[in-house]
Amino acid sequence: AEDVPGKKTYGLISSDQPVFAQDFVRYVGEPIAAVAADHPETCRRALAAIKVEYEVLSPLTDAELAIQPATPPIHPDGNVIRR
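If you number the sequence shown the way the working numbering does, the last residue is 88 and the count never jumps.
Here it is in C-alpha cells:
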C-alpha cells in the first residue's frame, strides 16, 4: 500500500476504507496486494513473489463486546464504523 500513489481509500458506507490491508487484515477477502502486468507469465511470477504471513486472531462476533473499551480496535478510531 505504501508504494501506491494518490488517495488510498474508498467506500460507499465509510468513505475512508483502505484499498489494501495495512498492518493487519480486518476481514476475510480484504485486499493485500495488486498486480498489473503486460504478459500472463509476468503476472504469474509477480503473484508467486507475494509472500504473506497471517496470525489468526479470534473473530469479533458480538456487537456488545465490540464496543467495550477493553476490546482491541479493528479500525483506527475503534470498532464502530458508522453511527
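Built from N, CA and C at the ideal position, the CB exists for glycine as well. Just so you know, these numbers come straight off a predicted model, no measurement behind them.
(message) Using C-beta distances below 8 Å, list every residue in its chain close to Thr76, excluding the 5 sequence neighbours before and after it, in chain order.
(response) Leu65, Leu70, Asn84
(request) Determine the contact status of Ile55 and Ala38, defining contact as a CB-CB distance below 8 Å. (result) yes
(message) Alpha carbons only, please: which of Ala42, Phe25, Val40, Ile72 is nearest the one belonging to Gly34?
(response) Phe25
(message) Spatial neighbours of Pro78 within its chain, please: C-beta separation below 7 Å, excluding the five flanking residues on both sides.
(response) The answer, listed in chain order, is Asn84.
(message) Measuring alpha carbon to alpha carbon, tell me which residue in Val30, Gly16, Glu7, Val40 is nearest Tyr59.
(response) Val30
(message) Could you compute how far the alpha carbon of Pro36 sits from the alpha carbon of Ile72?
(response) 25 Å
(request) Look up Thr47 in the DSSP assignment and say whether it is helix, strand or coil. (result) helix
(message) Just to confirm, is the Cβ distance from Cys48 to Val40 under 8 Å?
(response) yes
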